[in-house]
Amino acid sequence: MGDWEWPLIIFTVFGQIAIGIILMLWWLNRNRDLESNLFRQGVYVSGGLLIVALLASLFHLGHPEAAYRALAHLGSSWLSREILLFLLTFLAWIYLFWQSRQQKSSRVHGSVATTITTAQTAVGEQLIENRSLGLGITSVLGLLGIVSSAMIYVMPRVPAWNNVGPVLFFLLTTVLLGALCTLVLGRKLLQTAQKKRLLQASLGCTILSLLVYVIYASMLSISIEGSASLNFLLSSPLFWVRALLGWFAPLFLLVSMLKNSQVNKTNLILTVTLLAALGEVLGRALFYLSAIGIQITALF
Amino acid sequence: MKFHYNICPRNCYDTCSIISTTRNGVLISVEGNPKQEYTVGKLCPKALDDVKKVYSPQRIRYPMRQRGRYSGFWERISWDEALDQIAAKILNLKEHYGTSLPLALNKYSGNFGVLHNAIEGLFTGIGATTRAAGSPCWSAGIDAQTLDFGTFFCSDPLDMANSKLIWLWGVNPAWTAVHQMPIIFDAIDRGAKVVCFDTHFSATAARAHQYIQVRPGTDGLLALGFAKVLLEENLIDSNLSSYTLGHEEFLHYLEAEISLDNCSDITGIAVSTIRELALEYGQTHPACIWAGFGLQRYTNGGQTLRAIDALGALAGHLGEQGGGVQYAQFETWRFSGAIQNPPHPINQTERLANINRFSEEALNYTDPPVKMLWISGRNPLSQDGNLQQWKKLISQLDLIVVSDLFHTKSSEAADLFLPVTTHYEHWDLNSSYWHYWVGANEPAILPVGESRSDLQIAWDVSSRLNTLKPGSCTFPTSGNEKETLLRELGPQMLDILGLKNPEEILNGPVRAKFPSTTWENRSFTTPSGHYEFFSSQAATAHLPPLPIFVPPLNPSLDAPLRLMTPHHHSTINSQVYAIEAHSTDFILHLAPEVAQRYDLVVGDRAQIWNKSGQLEVVIQPQSGISKDVVIIFQEHVKATSPLNCLIGTPLTDMGQLTLGGRGFALNETFVNLRKL
Amino acid sequence: MVKQLGFVLDVNRCLGCGACAKACQNRNQLAPSLGWRQIRKVETISKDHIQRFYLSTACNHCGNPECLRVCPSGAYAKRRDGIVLHLSEKCTSCKSCVTSCPFGAPQINPQTNKASKCQFCYERLDRGMLPFCVQACPTGALELKELRDIPAGNQLLRLTAPVPSLRLTRPSVFYKPPSATRV
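In the order they appear, the protein sequences are chains X, Z and V.
The working numbering numbers the first residue of the first sequence as 2 and each following residue consecutively.
The working numbering numbers the first residue of the second sequence as 679 and each following residue consecutively.
The working numbering numbers the first residue of the third sequence as -16 and each following residue consecutively.
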């Protein structure tokens, strides 16, 4: 049986939200028309989350002061790769941060001027192009980092993890919470159509998450240790709280919001985000708690 | 780094030869001595904790005085204060009663080293005293073999490797004599078959080819059943008349009194199995039986051993290389005895109380009563039966002295605690009651704290007595441990060991120069010089002259389950090795069917009780346990009430002849069980 | 790899006495909570047989060590004689090895707060001595063997788990087939 791995829960969930937000910003900016304020807010919030995540990850180490050594084994260690990719993601984020400062100063400058020269327009276009590139690079690095995180858990020792489950769970968390958090940030700035797309993405992720979990559970029941994990999950009240908060309640709310054209209702957006986030945190806690290593007692 | 020869002095078959390593006067490791052929460089897991034990923080390093028995308020005192108090009390009692009989000594096997007999020597030097006599362990078996063979003497345990069939009967060497196991495995590798007879599927049974679950206390009848098959199948040694006495009478008894159906009903073993095993035993040569101590801890224990001996004799396995009926031996213990026999009047007679009923018998002495008790190398309050009587005895005593390494259940009642040295801190001389090796134990380190050896303590007490009242104790008042040791190797022992002078023992352990197989020439030391199926010595002692079946005690309705308390692999009786590791629950092992009968499942808390006391236990059902017994292994358990609170003082049928007291029929303890 | 040292346990000679684990614990001066070598009892009961044997296991010095694969700081190394070493000075205590070793060999040492495991007493081996566990085994059940010297067609068994698809790490530990006691 696993433990309550708080540093890992915070690191993975927060890191995934941060990258999810940047991913959503990248997607929203596909026509180069991302609202600058939303860009700035998104970068700030994702950066804050990323920093908290990285700090939390240090607490998982028995010797945080020696964390730099953990980069030494990129050849085969997914943990080394994860750390490298998250550091690169963070560097990319610093570039985004710098971009958001640039944008601000240029806009202040622009507001004073009454006429916009073509040179200024060119500079602005360049900025928007760089912004898009920055978001793209950060998203790709971040997603690779998340996949590496998930790959750490794919190992023969724990049958519950030794499958595609961890990768799917981590990516689904990224998109789901990324979309919902972006929605919260852009609740006043996004257009209704954009909000609708984000809500649809969230609904898709929730449904997919539930489906993947059912398949995952049926895969678990094959092995003894997997069944033990499954029994633990199904008999744990925490699991049912997670199911209610993270799957059924959001499912109900998202469907009703989309059906009844309530996409602009800020309260509902906040509620569904909060529920989904709580559900994911509990889900992640259960992910660690339900890890049951194989018992090697037989000879062959 | 320095190396020293040490010998593990425990009451254990193996009595291992140890090489200890010290660095700057500190003991850092212990290993088996590769040159001693029985230890062959290996130690059991208990001895592997010796370094921890020597330096354990729980070890008592200074003489202590308890302010009020059972209070736990111990204060450190000096040796002078301790010796003064002891000597003054001894002289005071002697003067008051005009005899030293109020002084009692209860000592046994905490350390089997010969120099520990100094405490007996001290008491002898004081005058006639009250002593615990006999043994809580092997008495009945010893007497049985003495009646049959003339003395108890086993073959060199290495001889077992030559056997083609080994019956391990009531013995669990995988836990209590690990060094015998590789010898048995070697025999297996050469094609021998091993059968284990026990009441429970032991660690030894798990390594045997076959396990026979015998109903407790019926082993003697089983042996007689086997003998009956030998008779029927004409597998009896044709030379019996040349070296045995009374075999006709015995065969007649088998013919007239033993029926296989009855034997099967009582022992719980199918007739077909009895036949099969008997045929194997009768037809395989050499075949060896190792009869364990567990067999004879019954009211019929001596008879059981005699029946097994008779089976071995009937099949012609006695004197066979790799055969015989092995029990134990004392032939390598023929030390001079100088230490326990300081000058004393020839007519000085001690008052001997059976060690197994010590409290009761000591309480019965009134003229004069017992007033002072010295407990050495023993822990009676955790091992003896009848604790109520012990409580009573304690309350009548003026002074209780305990000498030990650690506080024990017994020291809870003591007034004075004298810290003793371990075998790494003093000279000693050790023999085994199983293998043939004898060796000197050298000190590897200085005594820890202010601890002193038993010999030193005996000298010191004698010295103090003689200072206070010159001539009050004839035991030496000082000396040299090494020289005292060498004096124990008298001419007889030197001859046994093939040594010219005692100093040679200091070069390392020596094997006694006995042939490997006992009774090889089939000349016995009984009065008749023959193996005695019919023993007139037994008849004189009001015992059946023939080995016959006498049933063990039966459980009653109030206590329907027989409680067994065999040794655990981590302890020897109450001696603990890994001091820090202990459990707080007694584990009751029982057959799954019995657990079901009492509606119990694994982990349940339950209570066992009888007239003597009650105990809380945790249930552990286990396959392979006889349905007639429940078992608590003697593990170290930190509990308020000790395991022996359930035990009375049933005695074995034999033990008086050789040891002066009948043995402890520990396995005749019965309890009731209920779920809590 | 030039060699692959490993343990061979004759389960029919093993008493489960624990001398190997004791020797390891005491001679390596391990904290009480650490047990580099563990003993597990395995029992199978049928109508007329009881098979009880003990698995004494430490680090298996795998041919394909999972600890070495997952360790992010390169704190594991495989020597030319096949011994898998944990290099404490490189360990960041990320516990990857602890969670990923299928045999549970690496454990966190409470004194250093770093991973630790059986090092095959390599310093003793380098001086021509046996590991403490092998030296202590009173029945000779536990042996040190150069695995490539074991002839093909031997009847030795490996450890496994009841998971059919498990990709094991080629543990360098072999067991003689256990026998059963007739009851």
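All C-beta atoms, glycine included, are put in the ideal place defined by N, C-alpha and C.
- At 3 residues or longer, and completely inside the segment 858 to 945 of chain Z: list those beta strand (DSSP E) runs for me, N to C. Every beta strand (DSSP E) of 3 residues or more that sits fully in the segment 858 to 945 of chain Z is shown, in chain order, as 871 to 876 and 888 to 891.
- Query: Exposed or buried, Ala1284(Z), counting other C-beta atoms within 10 Å across all chains shown (16 or more means buried)?
  - Reply: Burial call: buried.
- Inter-residue Cα distance where the pair is Ala886(Z) and Cys815(Z): The alpha-carbon atoms of Ala886(Z) and Cys815(Z) are separated by roughly 25 Å.
- chain X within 8 Å of Ala163(V), Cβ atoms only: Cβ-Cβ to chain X under 8 Å: no for Ala163(V).
- With a cut-off of 8 Å on the beta carbons, I'd call Ala852(Z) and Thr882(Z) a contact; round off their distance for me. Here Ala852(Z) really is in contact with Thr882(Z); their C-beta atoms are around 4 Å apart, less than 8 Å.
- Item | Simplified DSSP state of Ser1109(Z), which is helix, strand or coil | The answer is strand: DSSP assigns Ser1109(Z) an E or B state.
- Any C-beta of chain Z under 8 Å from that of Ile33(V): Yes, because at least one Cβ of chain Z sits closer than 8 Å to the Cβ of Ile33(V).
- Please report how far the alpha carbon of Phe1036(Z) lies from the alpha carbon of Lys128(V), in whole angstroms. Taking the straight line from one Cα to the other gives about 55 Å.
- Message: In whole angstroms, give me the CA-to-CA distance for Gln118(V) and Leu909(Z).
- Response: Computed Cα separation, rounded: 48 Å.
- Item | chain V contacts made by the segment 879 to 896 of chain Z, where a contact means CB separation under 9 Å | Cβ contacts with chain V come from Phe879, Ala881, Thr882, Ala883, Ala884, Arg885, Ala886, His887, Gln888, Tyr889, Ile890 and Gln891.
- Determine which residues share a DSSP beta bridge with Ser39(V) and list them. Answer is Ile22(V).
- Buried or exposed: which applies to Gly1063(Z), given that a residue is buried once 16 or more other Cβ atoms fall within 10 Å of its Cβ? Buried: at least 16 other Cβ atoms inside 10 Å.
- Answer with buried or exposed for His1203(Z), where buried requires no fewer than 16 other C-beta atoms within 10 angstroms of its C-beta. For the record, residue 1203(Z) in the displayed sequence is Thr; it is not His. With fewer than 16 Cβ atoms within 10 Å of its Cβ, Thr1203(Z) is classed as exposed.
- If you draw a straight line from the C-alpha of Asp939(Z) to the C-alpha of Asp897(Z), how long is it? Annotation: Asp939(Z) to Asp897(Z) spans about 15 Å, alpha carbon to alpha carbon.
- Output yes if chain V places a C-beta closer than 8 Å to the C-beta of Gly972(Z); else output no. Interface with chain V (8 Å Cβ-Cβ cutoff): Gly972(Z) is excluded.
- Message: Rounded to the nearest angstrom, what separates Arg52(V) and Leu86(X) at their Cα positions?
- Response: Using only the alpha carbons, I get a separation of about 18 Å.
- Query: Of all Cβ atoms in chain X, is any one closer than 8 Å to the Cβ of Gly57(V)?
  - Reply: The beta-carbon of Gly57(V) is placed less than 8 Å from the nearest beta-carbon of chain X.
- Ser210(X) beta carbon less than 8 Å from that of Leu181(X): Going by C-beta atoms, Leu181(X) is not nearer than 8 Å to Ser210(X).
- Message: Taking 6 Å as the limit between beta carbons, can you name the residues of its chain near Lys1147(Z), skipping five residues before and five after?
- Response: Contacts found: Leu769.
- Could you confirm whether any beta carbon from chain Z is found closer than 8 Å to the beta carbon of Cys172(V)? Here chain V comprises residues numbered -16 to 166, so residue 172(V) is not present and cannot be evaluated.
- Task: Can you grab the Cα-Cα spacing for the pair Cys116(V) / Ile33(V), in whole Å?
- Result: Distance between Cys116(V) and Ile33(V), taken at the CA atoms: about 27 Å.
- Could you say which of His44(V), Ser56(V) and Leu38(V) lies nearest to Leu70(V) if we only look at CA atoms? For Leu70(V), the closest C-alpha among the options His44(V), Ser56(V) and Leu38(V) is that of Ser56(V).
- Message: Taking the straight line between their C-alpha atoms, what separation do you get for Asn47(V) and Gln21(V)?
- Response: Distance between the alpha carbons of Asn47(V) and Gln21(V) is about 21 Å.
- Continuous beta strand (DSSP E) stretch holding Cys966(Z): start and end: Cys966(Z) -> beta strand (DSSP E) spans Ala965 to Ala969.
- Task: Check distances from the C-beta atoms of the segment 107 to 122 of chain V to those of chain Z and list, in chain order, the residues that come in under 8 Å.
- Result: Here the close residues are Gln118, Ala119, Cys120, Pro121 and Thr122.
- When Cβ atoms are compared, which residues of the segment 842 to 862 of chain Z fall closer than 7 Å to chain V? Those residues of the segment 842 to 862 of chain Z that come within reach of chain V (Cβ to Cβ, closer than 7 Å) are Ala852, Val856, His857, Met859 and Pro860.
- How about Lys196(X) and Val264(X): do their beta carbons lie closer than 8 Å? It is a contact, given that the beta carbons lie within the stated cut-off.
- Query: So, is the C-beta of Ala6(V) closer than 8 Å to a C-beta in chain Z?
  - Reply: It does; some Cβ of chain Z falls within 8 Å.
- Message: Rounded to whole angstroms, what is the Cα-Cα separation between Gly746(Z) and Gln1018(Z)?
- Response: Looking at the two C-alpha atoms, the distance is approximately 33 Å.
- The alpha helix (DSSP H) enclosing His61(X), as first and last residue numbers: Ser37 to His61 is the span of the alpha helix (DSSP H), which, as asked, contains His61(X).
- Item | Length of the line joining the Cα atoms of Gly1055(Z) and Gln1134(Z) | Rounded to whole angstroms, the separation of the alpha carbons of Gln1134(Z) and Gly1055(Z) is 15 Å.
- Query: Could you give the residue range of the beta strand (DSSP E) that holds Ser1081(Z)?
  - Reply: Start and end: Leu1077 to Asp1082.
- Does the Cβ of Lys724(Z) have 16 or more other Cβ atoms within 10 Å, making it buried, or fewer, making it exposed? Counting the other Cβ atoms within 10 Å of the Cβ of Lys724(Z) gives 16 or more, which makes it buried.
- Using Cβ-Cβ distances below 8 Å, what residues of the segment 144 to 159 of chain X are close to chain V? Flagged, chain order: Ile153, Met156, Pro157, Arg158 and Val159.
- Give a yes or no on contact between the segment 8 to 19 of chain V and the segment 1302 to 1319 of chain Z, applying the rule of three or more CB pairs nearer than 8 Å. With the rule of 3 Cβ pairs closer than 8 Å, the segment 8 to 19 of chain V does not count as touching the segment 1302 to 1319 of chain Z.
- Query: Of all Cβ atoms in chain Z, is any one closer than 8 Å to the Cβ of Val25(V)?
  - Reply: So no, Val25(V) is outside the interface.
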